[in-house]
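In what follows, a structure is listed as structure tokens, so that the remarks can point back to it.
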Ligand code: ADP
Ligand code: MG
């Protein structure tokens, strides 16, 4: 069965200030969506809510993942259910290699499925990592480094994509917005998504950066403005944004 992430009339406040004001969006396995919009429109708020960040209060609406109430699930349950949320500012874990981190994550998932599982064997895991790193054209030494410790912006993105490749989520949400995003990081994320895209993976790429559309071709493009999705379309909407920026959308929705 195809899994879907269904966001229905979602209202979210931060410190009692309404930020999201009725967001509707469905992302299914096999689809690639881009969520775009100017800074401050609420894109990261949406990502943070989906991640279960405690600072964000859902005041109305629902999020259903694969038929279950996502907002009732703990962060680790969300992950085990097949939702992958890339952190915009990933934490460093000195002393834990990327490989170890990924093996623990995989094993936790196997145990959740089958309490008697012994987890993935080390040789099997090594083979899996090598295959994924080859697919993503990463140097094998990368897996031996401490997670995000001293990583450059581009390396953090690489680590994120490797996690996504290894954990094989059904739906992945990548919040790429804001400062620190350079064209290299953008290309790493885009190449990764392009390599991993397929019928088993649904992706929501969040960005205000229109140039991402030169690297990723989403099938669906949505524009968020002031906490609502005000436009949705296909690749033609992406072209229009590239040409005209966000101002025409703003003018259309706030005729003042
Ligand atoms: P975007 O990702 O589209 O740039 P954000 O979701 O980061 O937008 O921000 C939308 C609005 O919500 C902004 O006005 C921002 O200041 C506010 N906001 C988001 N997160 C927080 C937070 N943790 N605390 C206070 N205000 C926040
Ligand atoms: Mg943001």
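Residue numbers (this note's numbering): 17 to 272.
Note that the Cβ used here is the ideal one computed from N, Cα and C, for glycine as well.
With 16 other Cβ atoms within 10 Å as the buried cut-off, status of residue i
| i | result |
| --- | --- |
| residue 199 | exposed |
| residue 173 | buried |
| residue 267 | exposed |
| residue 154 | buried |
| residue 147 | exposed |
| residue 269 | exposed |
| residue 55 | exposed |
| residue 192 | buried |
| residue 47 | buried |
| residue 260 | exposed |
Inter-residue Cα distance where the pair is residue i and residue j
| i | j | result |
| --- | --- | --- |
| residue 119 | residue 17 | 27 angstroms |
| residue 178 | residue 57 | 29 angstroms |
| residue 201 | residue 210 | 14 angstroms |
| residue 157 | residue 145 | 11 angstroms |
| residue 43 | residue 188 | 10 angstroms |
| residue 190 | residue 101 | 6 angstroms |
| residue 141 | residue 117 | 12 angstroms |
| residue 45 | residue 212 | 12 angstroms |
| residue 206 | residue 34 | 32 angstroms |
| residue 235 | residue 258 | 16 angstroms |
| residue 121 | residue 251 | 35 angstroms |
| residue 279 | residue 256 | Nothing can be reported for residue 279, as the shown portion of the chain is limited to 17 through 272. |
| residue 233 | residue 224 | 15 angstroms |
| residue 149 | residue 32 | 44 angstroms |
| residue 131 | residue 183 | 18 angstroms |
| residue 143 | residue 88 | 36 angstroms |
| residue 162 | residue 264 | 45 angstroms |
| residue 19 | residue 168 | 34 angstroms |
| residue 81 | residue 41 | 12 angstroms |
| residue 115 | residue 30 | 36 angstroms |
| residue 28 | residue 86 | 15 angstroms |
| residue 166 | residue 39 | 37 angstroms |
| residue 170 | residue 64 | 22 angstroms |
Integer Cβ distance of residue i from residue j, believed to fall under 8 angstroms
| i | j | result |
| --- | --- | --- |
| residue 273 | residue 113 | Because the chain in this structure spans residues 17 to 272, residue 273 falls outside the shown range and cannot be described. |
| residue 249 | residue 237 | 6 angstroms |
| residue 254 | residue 220 | The pair is not a contact, with the Cβ atoms about 15 angstroms apart (cut-off 8 angstroms). |
| residue 240 | residue 59 | 6 angstroms |
| residue 208 | residue 152 | 6 angstroms |
Short Cβ contact (9 angstroms threshold) for residue i with residue j
| i | j | result |
| --- | --- | --- |
| residue 275 | residue 73 | Outside the modelled stretch of the chain, which goes from 17 to 272, sits residue 275, for which no answer is possible. |
| residue 99 | residue 222 | no |
| residue 76 | residue 21 | no |
| residue 204 | residue 164 | no |
| residue 84 | residue 71 | no |
| residue 216 | residue 186 | yes |
| residue 91 | residue 111 | no |
| residue 37 | residue 66 | no |
Chain C within 9 angstroms of residue i, Cβ atoms only
| i | result |
| --- | --- |
| residue 200 | Note that chain C does not occur in the displayed structure, where there is just one protein chain. |
How do the segment 116 to 127 and the segment 136 to 150 stand: do at least 3 beta-carbon pairs fall below 8 angstroms, yes or no?
yes
Could you tell me whether the segment 38 to 56 touches the segment 237 to 257, where touching means 3 or more Cβ pairs closer than 8 angstroms?
yes
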